[in-house]
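Step one of this worksheet: look at the structure below.
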Amino acid sequence: MKRFVLLQFLFAVSLPSAAHATGNADCSIDEPGLNVTFEALYGYGGTGELRQNHASIALTDPKSPPGNWTFDLDGSALEQQWVVGDEFKVLLYKEHEGADMVLEIQARRTAPEDIAFDGTYRLIIGPSDGSLFSRAGKVACSMG
Amino acid sequence: MKKIVKTAFLAALLLFPGHAWATGDLGCEINDGNLKFDYVTLVNRSMRLFLGGDVRFESAKAEIPAPLQKLDQGKLQLVHSWYDDREIRLMLYAEHQDDKVDFASIRLTIVAALDENDDYVGTYRLEVEGTRNVVVTGKTSCLVG
């Protein structure tokens, strides 16, 4: 077993510098009326951008616009990202139920070298009737 | 009608502190003796940034490998970006490897904040990896229009 682990290690360190290991980035919002999970891969050691991101949103807030607001977002929803150093910022955008939806997450690393990030979110939905729904709160993320 | 509703939505977002919500050009310039660099990109209403044409890096201080001095859209990646009505952040990256160049990369990070004159001003950090690794820093300004 030790030999296998050693071989694995030697294989890993023999990889070219351009090949970087990946980690998992996760965020969750767990509040009455809103549950969100955001998951992505990122490369550490390189430029560290998020890839293969996916989000699930379940908005059951009684004030939410009409329609089914439990839905998934694929990678195309990631409009902006700044995942650099101790900062984690993503902006997701999607047209859903005839409305524009924006979810912004901004979090900071809780302690040096820690994988946990704490921050806030803002959810804005502009339904086709011209009204505006928005709510904000706290979000917890991790990068490990 | 749909256009009016969408315009109203986008206008409302402007009232919500945070993102400037418009389609236009976003450009940053560096010309401080250490680095000459111009960058213009399109930004859409959802703030996604689209790289423009060719980008040139000219530096007297950093020895930028020849294949990385002029980069087209396919080679230069906008790996991180953040744009709102308070700040602009960009991280541009490219790397090159061939028979002549073992490995070389260039990474430019720009962070600019809106000042009292409504100008985006800030700093840049250029990191060049190649036969010689060099870091160059300085000031930059950006415009959105």
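Heads up: the protein sequence lines correspond to chains A and B, in order.
With the first letter of the first sequence counted as 1, position 126 gets the number 126 in the working numbering; the numbers rise by one all the way through.
With the first letter of the second sequence counted as 1, position 91 gets the number 91 in the working numbering; the numbers rise by one all the way through.
For glycine and all other residues, C-beta sits at the position ideal for the given N, C-alpha and C.
For residue i and residue j, which I take to be in contact (beta-carbon distance under 8 Å), what is that distance rounded to the nearest angstrom?
i, j, result
"B:SER81", "B:LEU126", "The pair is not a contact, with the Cβ atoms about 17 Å apart (cut-off 8 Å)."
"A:ASP26", "A:CYS141", "6 Å"
"B:ARG89", "A:TRP82", "5 Å"
"B:LEU71", "B:ASP54", "7 Å"
"A:PRO65", "A:PRO127", "4 Å"
"A:GLY119", "A:PHE88", "7 Å"
Any C-beta of chain B sitting closer than 9 Å to the C-beta of residue i?
i, result
"A:VAL36", "no"
"A:LYS63", "no"
"A:LYS138", "no"
"A:LEU91", "yes"
"A:CYS141", "no"
"A:ALA19", "With a pLDDT of only 49 at A:ALA19, under 50, the local geometry of the prediction cannot be trusted, and the value read off the model is given with reservation. Closer than 9 Å: no."
"A:LEU6", "The pLDDT assigned to A:LEU6 is 44, lower than 50, so where the model puts this residue is not dependable, and the model offers no usable value."
Does the distance from the C-beta atom of residue i to that of residue j stay below 9 Å?
i, j, result
"A:LEU50", "A:LEU73", "no"
"A:ASN53", "A:PHE38", "yes"
"B:ALA62", "B:VAL111", "no"
"A:SER60", "A:LEU41", "It is Thr, not Ser, that sits at residue 60 of chain A in the sequence shown. The answer is no: Cβ separation not under 9 Å."
"B:GLY122", "B:ASN34", "no"
"A:ASN35", "A:GLY144", "no"
"B:GLU87", "B:ALA113", "yes"
"B:TYR120", "B:ILE30", "no"
"A:ALA55", "A:TRP69", "no"
"A:GLY43", "A:PRO62", "no"
Cβ closer than 8 Å: which chain A residues qualify as neighbours of residue i?
i, result
"B:TYR83", "GLN80"
"B:TYR120", "Within chain A, no residue comes near B:TYR120; the closest Cβ sits about 15 Å away, beyond 8 Å."
Would you please verify whether the beta carbon of residue i is less than 9 Å from any beta carbon of chain A?
i, result
"B:ARG89", "yes"
"B:ASN31", "no"
"B:ARG107", "yes"
"B:GLY18", "Any reading at B:GLY18 must be qualified, since the residue scores a pLDDT of 46, below 50, and its modelled position is unreliable; no value is offered."
"B:LEU10", "Low confidence applies to B:LEU10: its pLDDT is 45, below 50, so where it sits in the model is not reliable, and the reading given next is rough at best. Chain A contact via Cβ: present."
Give the interface partners of residue i over in chain B, defined as CB-CB distance under 7 Å, in chain order.
i, result
"A:GLU49", "VAL79 and HIS80"
Kindly list, in the order they appear in chain A, the residues whose Cβ is closer than 7 Å to that of residue i.
i, result
"B:TYR93", "THR47"
Tell me which residues share the same chain as residue i and place their Cβ nearer than 6 Å to its Cβ, disregarding the 5 neighbours each side in the sequence.
i, result
"B:CYS28", "TYR39, ILE110, THR140 and CYS142"
"A:LYS94", "LEU73, ALA77 and MET101"
"A:ILE105", "CYS27, VAL90, TYR121 and VAL139"
"A:SER134", "ILE124"
"B:GLY130", "PRO65 and ALA104"
"B:LYS75", "ALA94"
"A:ALA116", "THR110 and SER142"
"A:LEU103", "LEU92 and LEU123"
"B:LYS205", "The question about residue 205 of chain B has no answer, for chain B in this structure spans 1 to 145."
"B:VAL134", "ALA62 and VAL128"
Cβ closer than 8 Å: which chain B residues qualify as neighbours of residue i?
i, result
"A:VAL83", "HIS80"
Closer than 7 Å by C-beta to residue i: which residues in its own chain qualify, once you throw out the five before and the five after it? Chain order, please.
i, result
"A:GLY67", "GLU97"
"A:ASP86", "ARG108 and ARG109"
"B:ASP32", "GLY138 and LYS139"
"B:GLU116", "none"
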